[in-house]
């Protein structure tokens, strides 16, 4: 980025616009620095993956549209900024059309750096350029460049003397020394409540040699060398001085050690004509660890390749140690998922065990199976089932995505290789000694885009693959629904804490014993520890769940399921008018269901009368729709439908009628579920509890000592096939016991994560809360699910302002204190409790809020569930906004308590109940209903 700024500064300093600007800069340099956008005193790190088009302002500061405020002068006087724009144009004609186009594209792609707060006397031209940019605003600055370059292609190249003079000026322009800012201290927010517990995590410390690091140098060439490749060749001639380990991008040189001199002069020879080239290497600074996270991750990707691991997605797998499941024609590759980052405790490697399921059947076998089952339409079926699938070619252990299938071509077709035509059959025989047997099979297409220097549009690379030698990865839908297949797979993939520790130690041993892998780390001053990180966590005491007139302990020693079925629910809704629908062949199952309902409802404190029964002769979807439209009455409380089989189209039609067209709670039951006599009673008990919740009843509660605080959850559903719109769901509490919820869904455009309808949902929820409590909440705590690290800043800049604005729509003077917490459950962090020489899963309520937490965030890890098999996965909570200044203990205990309030499971869930309710609602609307539900259902959990 600095090289691009240097070029701009050189142009602007040549145009003669530096004098007045420098004086204004000196006058304004004592002003306040731009705001960093820090919420409530907590430091927030800008995500590296945030697109530059989303950034506001210059660098991380806030861009002000008033030129006067940016420069310290009056914004009404625009003549000076106009002069600056004209001076930009006067500098540009010195470049050729192509050169100017590249220069402008570089400016557009790269955000500018913040204005320096300290100005040296010898950098007035740089500062004047900077002030010129601020004075006219970033958008007007770039627009002026575009306007000036509209005729760039038609302008002839200037004389050679003028071009050489400008090139010399650009190459010799002096950059201001980088102002070294002190590294911010990590955000440390730890709690104190709970019992201390010794924990081991899957984080391994990366020790850094204090004498080594990543040192940044600027490289200048005289005479000027335009080609980046030739520059790299000149640098490569000095391995004896610079060493083998280096990274060079054409301007910046990164070395693992500091050179003895701040400025080093080297001489190189042009290999073509033999003339001398002088290289000046100028030391800039030693970069901080947080600036090189991507670089460290690239190092570990190189290490994975050295260890002969195969990359699939973002994970690496070992093809040399497959675990075979011959009865299902499957094999499982063990592997690792790794990530390096700077945490509160320093630079660490997060290493987790992963597995990849591979089918021993080829793509051709799959196509032949479809052709035998449906010869007329097998091409469409193959296209639907294979498009987007990931395949593995075992001859080179590489994975590809299927983007198209060419049924009109076959392996006898030819393509050009080294300027000569060759068929696919001949190519695979020559390159891999593979014989292609089926000469009539179709070809698979894989498309990739590759960026080419000097071209605006990426180059599309098309690769044709042979189905006969391509193997499917992942599981089919039939395999996922087969209990035996999933059980046999889980025997290998369900890894215990001790097995995870052994795998981590084996990886560290492989890295440290492999000479090439070890040298990759050592040359950059890194050393990988052999042992995983051990630290102290805390475990909250066992929670007490309140039923009607009794408190029951739950957690490690409590039996939540027995407590639910043996105690009266907290608030029962008696069911007097309900409709039961089933087919004629399911009459016996329906009668058994009604008998079991009559026996099971009273022990739970719910009274259920006999239903109105409707019998269908067939299970056609249109018959269900017609019956619901004619038989549902105004007094009908709930509709129970027993379907003979599980069909998505029938289920969607029923839910669409009951949620949007004729709003009434509905319960759809698969007849196969009720056919097991041994489990029938337990299943019917859960159905009765669901029916009670869908009618507005509550099952249990847990003590949360808050007064006038509303808790809300947000989640978003995306269609995996990208054929329908996304759905966002907002669920908010309506009472102080947090047992009644107001739910609202909003359908939005495809793949839209950040909710446009958030403002309306918040406003409706506040009005519902006010109606139920005769007052508005003083504080609001929001748990946001489904947000990745790269979207944290978008949450604080986009969603939270919507929430604040929606409060003003309810009452102009209403300003509640809002706490916004992001919930992440798809993480690779693992925690193990140390029990002597063994590792066990932590008890529910274990929290860890230091060392492995984010350096610049207020966050914590919480284990909400008890796991008997495999390894438990904690949930990651990131406090993005804490206007109420809640302490860590309060938020951690609240997060744990809310995991017990999800009424569709007799126990704790991974995320707070409000998030799980939002997930269920968004999934139902997005997957089946695909319409906004009727507002009369919003105060009920109709989606359970």
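Numbering (UniProt numbering), first residue to last: 1 to 944. Beta carbons are placed, not taken as given, at the ideal position from N, Cα and C, and that holds for glycine.
Please report the straight-line C-alpha distance between residue i and residue j, rounded to a whole angstrom.
i, j, result
"residue 809", "residue 757", "14 Å"
"residue 411", "residue 367", "16 Å"
"residue 834", "residue 869", "17 Å"
"residue 930", "residue 656", "8 Å"
"residue 603", "residue 550", "14 Å"
"residue 324", "residue 826", "27 Å"
"residue 297", "residue 488", "34 Å"
"residue 814", "residue 737", "23 Å"
"residue 289", "residue 457", "34 Å"
"residue 299", "residue 526", "10 Å"
"residue 777", "residue 792", "26 Å"
"residue 625", "residue 650", "9 Å"
"residue 521", "residue 217", "21 Å"
"residue 414", "residue 371", "26 Å"
"residue 202", "residue 892", "22 Å"
"residue 919", "residue 460", "38 Å"
"residue 939", "residue 315", "43 Å"
"residue 146", "residue 464", "Unreliable placement is indicated for residue 146, whose pLDDT of 42 sits below 50; the coordinate value is still reported in the next sentence. If I take the Cα positions, the gap works out to 41 Å."
"residue 494", "residue 805", "47 Å"
"residue 377", "residue 689", "45 Å"
Among the options, whose alpha-carbon lies nearest the alpha-carbon of residue i?
i, options, result
"residue 198", "901, 865, 842 and 921", "842"
"residue 767", "794, 735 and 784", "735"
"residue 948", "540, 210, 874 and 691", "Beyond the ends of the chain as shown, which are 1 and 944, falls residue 948; an answer cannot be given."
"residue 685", "363, 488, 904 and 778", "904"
"residue 346", "205, 936, 540 and 806", "205"
"residue 470", "392, 937 and 582", "392"
"residue 782", "613, 775, 762 and 608", "762"
"residue 340", "244, 386 and 207", "207"
"residue 646", "659, 619 and 374", "619"
"residue 660", "243, 933 and 241", "933"
Would DSSP call residue i helix, strand or coil?
i, result
"residue 573", "coil"
"residue 620", "coil"
"residue 187", "coil"
"residue 192", "coil"
"residue 267", "strand"
"residue 416", "strand"
"residue 706", "coil"
"residue 944", "coil"
"residue 746", "strand"
"residue 468", "helix"
"residue 628", "helix"
"residue 240", "helix"
"residue 931", "coil"
"residue 924", "helix"
"residue 427", "helix"
"residue 398", "strand"
"residue 252", "strand"
Determine the extent of the alpha helix (DSSP H) in which residue i is found, giving its start and end residues.
i, result
"residue 477", "477-480"
"residue 649", "648-656"
"residue 888", "888-898"
"residue 589", "587-600"
"residue 298", "293-306"
"residue 282", "Unbroken run through residue 282 is the beta strand (DSSP E), 276-286; no alpha helix (DSSP H)."
"residue 683", "680-694"
"residue 561", "560-566"
What residue range is occupied by the uninterrupted beta strand (DSSP E) comprising residue i?
i, result
"residue 325", "323-325"
"residue 740", "Segment: none, residue 740 is in no beta strand (DSSP E) and carries neither H nor E."
"residue 221", "215-222"
"residue 667", "666-670"
"residue 551", "550-554"
"residue 881", "875-882"
In chain order, which continuous runs of the beta strand (DSSP E) of length 3 or greater are located wholly inside the region 761-794? 779-785
Entirely within the region 323-356 and at least 3 residues each: give me those beta strand (DSSP E) ranges in chain order. Counting whole runs of 3 or more residues, the region 323-356 contains the beta strand (DSSP E) stretches 323-325 and 330-343.
Could I get the ranges of all uninterrupted beta strand (DSSP E) runs contained in the region 791-865, with 3 residues as the minimum, in chain order? 817-824, 831-835, 838-840, 846-848 and 858-863
Taking the runs of the alpha helix (DSSP H) that are 4 residues or longer, which of them lie wholly in the region 473-545? List check, alpha helix (DSSP H) in window: 477-480, 483-493, 497-513 and 515-522.
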